[in-house]
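Numbering (the working numbering), first residue to last: 7 to 88.
The structure appears right after this line, and notes come after that.
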């Protein structure tokens, strides 16, 4: 599921029974500043964020995940990601 895709949050709520919302810009800035990052990393544990992953990602042998710094990706194997 690429970053360029839209996510239907209402449909997601129907599927998982939990309402998730996009992070407000002001809250995002607080999170990034607190952790010294320029963009939100692909590893939610770093910022203690809730996260759902597209099932197809878990079928890939290798993932390239945003590190929180523009242009710097983390290479993670499926086993390490799970």
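A virtual CB, placed ideally from N, CA and C, is assigned to each residue, including glycine.
Proximity below 9 Å, CB of residue i to CB of residue j
i          : j          : result
residue 79 : residue 70 : yes
residue 48 : residue 73 : yes
residue 29 : residue 12 : no
Nearest neighbour of residue i, chosen from the options [CA to CA]
i          : options    : result
residue 86 : 64, 74, 30 : 64
residue 35 : 77, 49, 53 : 53
Residue i versus residue j: straight-line alpha-carbon distance, rounded
i          : j          : result
residue 38 : residue 20 : 30 Å
residue 43 : residue 76 : 9 Å
residue 51 : residue 60 : 17 Å
residue 27 : residue 15 : 7 Å
residue 41 : residue 55 : 13 Å
Beta-ladder partner(s) of residue i, from DSSP
i          : result
residue 82 : 69
Beta-carbon proximity list for residue i, same chain, < 8 Å, skipping 5 on both sides
i          : result
residue 68 : 81, 82, 83, 84
residue 22 : 58
Contacting residues, own chain, Cβ-Cβ under 7 Å from residue i (five flanking each side not counted)
i          : result
residue 25 : 19
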